[in-house]
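Peer 1: If you're matching positions, the sequence shown starts at 2 in my numbering and goes up one per residue. Think of the CB as a built atom: it goes at the ideal place given N, C-alpha and C, for glycine as much as any other residue. Bear in mind that the values here come from a model prediction, so they are computed numbers and not experimental data.
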Amino acid sequence: MGCCQSYQSQKDHNECFSQSVHGVVGQIGTGSQHVMQNNSHPIGLTGKSTTRHRPGMDWTPARLRREWYKFFEGKKHLKLPSASLLPAGDPTLLFTSAGMVPFKPYFEGSEDPPSGRVVTIQKCLRTTDLESVGKTARHLTFFEMLGNFSFGDYFKKEAVAMAYEFSTDVLKLDPEKIHITIYTDDDETKAMWMDIGIPEDRITRLGKDDNWWGPAGDSGPCGPCTELYLDRGPEICKDEGGCGDPKTCTPGNDCDRYMEYWNLVFNQYNQDTEGNLSPLRSKGIDTGAGLERIVALLNNTESVYETSELIQLREKTKAAIADLGQEAPSEESSYHILSAYRVIADHARSATFAIGDGILPDNHGRGYVIRRMLRRASLFARELGVTSPLLYSLVPTIVEIYEEFYPELKQAAEKIQRTIEEEEKRFLRTLDTGMKIWQQYLEEHQAKKAKTFSGSQAFRLYDTYGFPLEMTVELAEKAGMKVDLKEFEKEMEHQREMAQSASKWSDVQLPSDLKLPTGHRTDFEGYHDFKRGSVIEALAQGAHTRTTLKAPGEERSMVIAKETCFYPEGGGQLGDSGWIRSETGVFRVEDTKKKGDLILHLGRMETGELKEGQSIEMEIDEERRLSLTRHHSATHLLNKSLRDTLGDHILQTGSLVADNYLRFDFSHPERISPEDLEEIEKQVNEAIAKDAEVTTQVLPIEKAKESGALATFGEKYGEEVRVVSMGGGDLSIEFCGGCHVDRTGQIQYFHILKESSPGAGNRRIEAVAGPGVPNYFKQEFHRLQLEKANLEGALQGLANHLAESDEDAEDKKGLKELKKELDSLKPKKEIPGPAEIDSTLESPAGVLKLQNQLKAAEEELKEKQKARLKLEKRINAEAVDLDAIVEKARSNEQKRGSIKVFSLQEDGLDAQILRQAGDKLKESERDCVVLIGARTEKGAMLVFMATKAAVDAGIDCGALIRAAAPLIGGKGGGKKDMAQAGGPDASSLAQALKTADSEIESMLSAGKGK
């Protein structure tokens, strides 16, 4: 399906939109099976390793981009910039994975588009087939989707005509080689193609798996589609990967002879969660064509990797290898070498664009996908003999290639390169260990002559050593094995359950048969030591002690050591995770708890075995500990700032210190004002900027109290307590046994995300510290960039309208004033890009500056949008074309039995003009209902009208308005033949019209008025 690049089926197409943040790894299983099924043609589109092309390869991606924009702007489409790879306002999507994703609200009718016609080239990222990248000639993770869109403007006829014109007049494709597929019963589209000149024998009917798109998720806009294919010649059928029989070969089969290059989707239905279809109030067009796919076809190459841009990246990879003092192997030498070059080019490009959009490598959600790609590419670099960081050196070349069309890359170039280099170094430190574990597992399987690799061990490689599943799948494939994906998913589900429950180990009990001396304790020596040697004193699995723990560890297990560097959960701070290693095995510590004076290391055996009395090396997850300490120290500064700002009545009533955020509950009777929240945040960042020393000392409790240290209400303390002081106590001084930074500057930044109430008399603040702060601002400013682009697009549409009116205008002075007013509505506030955000955050004081910038930009956009609607209303009132409004309403005609329903949303008009449009429709139609809505300066307006015949059939406009008006927050009234309403809430205007439409069906089916 062209709309999401190279989908093999509707299932793949829907997966493009179901990349849930909570299901990153859940998709891997399906994908891994998919790659094993698609290895029949791993090199080129036809299975060949050579490149077949016209001399000169005269179609470059840059040329195609320019021609695309030129053509559709000539067809009065508004050019909009690519949206961020981070989907705005849609947490269910990992990435922007198709051209229509930014426009879902327009198709659904929940928001107004800046123009009825839009053209874009959207940067996209999709990873459902990540493991296929490098193995096939079609799969990419990053691609550019060429798209033209109609939101209630043109429909099938115009979309078909423009697609054919661009294909033949601009791309110069041979008309005799263009084949078409249509949905099973879409005779209307078939007739349109035949009218253009496509003969019937080159039009193929396909079913829902191939030629029906959507919805994007469980519900929403959907409809049939038509696809354009290029016949690459019958000889392809005889190639490897071909069908073998040119006489029976047709578009839509698995043969590479017919290559789909463009998909036109006719969004005309809305599907509810139960699968029921109803007509959309306003039909739309959503088309998509993969840039690399078209360039490959135009240049007659065998692979999407043979574009000039990706060839340049491959050559840069070779040069970078040479810079390391190594000889770069030729891509012609083997399939594995060619795959490695492809993976490196694709993944480096994807990571560069993602990080440039503020999606940083992480262990969760989107960030994990980027981390997984970088690690996969690092593993493939080993196929080329490279064991040093490599990908980061490609960033300048990627920026140079794409900066003309994506200037935001240049702004963030330094940050991107630094992030990728750090990520590569981090992974390479663990990769050697992981490969040794893989080799150990492999030898075990080979000794058993196994054909299936253990899913449990694949999961341990993934969970402990950072191996994405496809890495293990590929290594296993080379060894002639398949990975047990069901077992892997079982292990993954086990981890999900553990992650979803913070109390996973909360019910932990000491084994009843545990025999340790009375009063025995575990010595904690981990405030500054992240590694430590120790001795195992006791082992347990389930409810009983063990003398030995062996892998695989199906049950949760426990290790008690003489001393430890693992901090146990306490004081709101989560427990450490990490590893315990001996000469004979590795134990993965998932959590650390305290029971009495004993510290319990809870987790599972990864490899080998541990024995009671054995010497061990303990190592905590240093990166996670650092994040915990940042958030814990920030919590102390927050507590002090709250008391300084709101008063000494503030008492801590609860807290959570996690590695990705903090939550602080405290006594306070009322909501905190925005001004106080700003002051609280400012004070914390000022304390961070002082880079003050953080000290700890253990004092007798009475002396500690005399020092002024804060104690947590309700907490029990012994005779001696640990006191944590920041800035000599001036910035904070509290009783605390937790882990903290050495200096406040190590916290980096602090930002309050939310203030709320967990219960009467208490308030809650949720905040983030450290690298999470710049990530937050980058995401928010990207959201505003899209809103700004939409506003500018709408203003350009008004400017075009005024320009067309210039010659015929009688009031030249009035027109000049309108143009001047329109020019004043252009947004003036600068929206910072990633590089500017990083620059602003060179000191913690930058947090407040960015917050103020964010607030100011949001307010300006809101005000400008309001003013735009007001001006649009005036322009429309002065030069309204009633005939055009009537024709637009006619294009949305729906039949309800013998009654025609005309529904239209036309913004910026007043009630009088809406009624005039309705009257014109009634004059020309005997049996009709007119539903018209408009956004106004004060909110929204509805006008419903019906002919006498419609009233006689049971229609009551007064009842319709009473059903619809509450959705816009208003009231209304009228008679059976005409009613109107106004309300302050324009956001539900589309839903109000839809509700009235549904009521019409009910009225007619009930036979009212008969």
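Which one or two residues does DSSP pair with Met260 in a beta bridge?
Peer 2: Leu231
Peer 1: Taking C-beta to C-beta, are Leu229 and Tyr262 nearer than 8 Å?
Peer 2: Yes.
Peer 1: Any chance the CB of Lys865 is under 7 Å from a heavy atom of the ligand FMN?
Peer 2: For the structure depicted, the ligand FMN is absent and the ligand set is empty, with no information on it obtainable.
Peer 1: List in chain order: all unbroken beta strand (DSSP E) runs of 3+ residues lying wholly within the segment 747-823.
Peer 2: 751-760 and 763-770
Peer 1: Please state if the CB of Ala349 and the CB of Leu392 are separated by a distance shorter than 8 Å.
Peer 2: For Leu392 and Ala349, yes; Cβs fall inside 8 Å.
Peer 1: Taking Gln1 as part of the beta strand (DSSP E), name the residues at either end of that continuous run.
Peer 2: Nothing about residue 1 can be reported from this structure: the residues present for the chain run from 2 to 1011 only.
Peer 1: Report back the beta-carbon spacing between Gly609 and Gly573 to the nearest angstrom; my notes put them in contact at under 8 Å.
Peer 2: About 35 Å; that fails the 8 Å criterion.
Peer 1: Here's the rule: buried if 16 or more other CB atoms are within 10 angstroms of the residue's CB, otherwise exposed. What is Ser578?
Peer 2: buried
Peer 1: Along the chain, where does the alpha helix (DSSP H) that runs through Glu445 open and close?
Peer 2: For Glu445, the enclosing alpha helix (DSSP H) covers residues Ala414 to Ala448.
Peer 1: Starting from Ala562, trace the alpha helix (DSSP H) both ways and give me its first and last residue.
Peer 2: Element bounds for Ala562: not the alpha helix (DSSP H) but the beta strand (DSSP E), Ser558 to Ala562.
Peer 1: In three-state DSSP terms, what is Cys238?
Peer 2: In the structure shown, Cys238 sits in a helix (DSSP, three-state: H, G or I).
Peer 1: Our contact map puts Asn763 next to Asp666 with C-beta atoms below 8 Å; I'd like the distance itself, whole angstroms only.
Peer 2: 6 Å
Peer 1: So what does DSSP say about Cys223, is it helix, strand or coil?
Peer 2: Strand, per DSSP.
Peer 1: Excluding five sequence neighbours on each side, which residues of the same chain lie with their C-beta closer than 7 Å to the C-beta of His35?
Peer 2: Low confidence applies to His35: its pLDDT is 29, below 50, so where it sits in the model is not reliable, and the reading given next is rough at best. So the list reads Asp130 and Ser133, once near-sequence residues are dropped.
Peer 1: Residues bridged to Cys125 by DSSP?
Peer 2: Phe144
Peer 1: Around the C-beta of Asp882, are 16 or more other C-beta atoms found within 10 angstroms, so that it is buried, or is it exposed?
Peer 2: By the neighbour-count definition (other C-beta atoms within 10 Å, threshold 16), Asp882 is an exposed residue.
Peer 1: Excluding five sequence neighbours on each side, which residues of the same chain lie with their C-beta closer than 6 Å to the C-beta of Ala1007?
Peer 2: none
Peer 1: What residue does the alpha helix (DSSP H) around Ile838 start on, and which one ends it?
Peer 2: Residues Pro835 to Thr841.
Peer 1: Of the residues Thr593, Glu735 and Thr948, which one's Cα is nearest the Cα of Lys641?
Peer 2: Glu735
Peer 1: Compute the beta-carbon to beta-carbon distance between Met946 and Lys923, rounded to the nearest angstrom, for a pair I have assumed lies under 8 Å.
Peer 2: 6 Å
Peer 1: Inspect the beta-carbon positions of Ile181 and Arg206 and report whether they are closer than 8 Å.
Peer 2: In this structure, Arg206 does not lie closer than 8 Å to Ile181 by Cβ.
Peer 1: Where in the segment 162-201 do unbroken runs of the beta strand (DSSP E), each at least 3 residues long, occur, reported from the N-terminal end onward?
Peer 2: 179-184
Peer 1: Kindly indicate which three-state DSSP category Thr205 falls into: helix, strand or coil?
Peer 2: strand
Peer 1: In angstroms with no decimal places, state the Cα-to-Cα distance between Gly75 and Gly798.
Peer 2: Distance from the CA of Gly75 to the CA of Gly798, rounded to the nearest whole angstrom, comes to 14 Å.
Peer 1: Could you name the residues of the same chain whose beta carbon sits closer than 7 Å to that of Ala480, not counting the 5 residues immediately before and after it, in chain order?
Peer 2: Within the same chain, Ala480 has close Cβ partners Leu443.
Peer 1: Roughly how many angstroms lie between the CA atoms of Val952 and Val902, to the nearest whole one?
Peer 2: 13 Å
Peer 1: Exposed or buried, Gly771, counting other C-beta atoms within 10 Å across all chains shown (16 or more means buried)?
Peer 2: Counting of Cβ neighbours within 10 angstroms places Gly771 among the buried residues, the total reaching 16 or more.
Peer 1: Are His602 and Ile581 touching if we call contact CB-CB under 8 Å?
Peer 2: With contacts defined as CB atoms closer than 8 Å, His602 and Ile581 qualify as a contacting pair.
Peer 1: Would you mind sorting Glu333 into buried or exposed? The rule is 16 or more other CB atoms within 10 Å of its CB.
Peer 2: exposed
Peer 1: On a Cα-Cα basis, can you pick out the residue from Ser733, Gly738 and Lys755 that is closest to Thr745?
Peer 2: The alpha carbon of Thr745 has as its nearest neighbour, out of Ser733, Gly738 and Lys755, the alpha carbon of Ser733.
Peer 1: Where does Glu109 land, buried or exposed, given buried means 16+ other C-beta within 10 angstroms?
Peer 2: buried
Peer 1: Per DSSP, which residues does Gln272 bridge with? Please list them.
Peer 2: For Gln272, which the question treats as bridged, DSSP gives the partners Gly221 and Leu278.
Peer 1: For Gln418, which option in Ala352, Ser455, Thr388 and Tyr463 has the closest C-alpha, if you only look at C-alpha atoms?
Peer 2: Ala352
Peer 1: May I ask you to report which of helix, strand or coil DSSP gives Glu938?
Peer 2: coil
Peer 1: To which residues of the same chain is Pro701 closer than 7 Å at the C-beta, ignoring the five residues directly before and after it?
Peer 2: Glu720 and Glu721
Peer 1: Can Leu862 and Glu781 be called in contact, C-beta distance under 8 Å?
Peer 2: The Cβ atoms of Leu862 and Glu781 lie no closer than 8 Å to each other.
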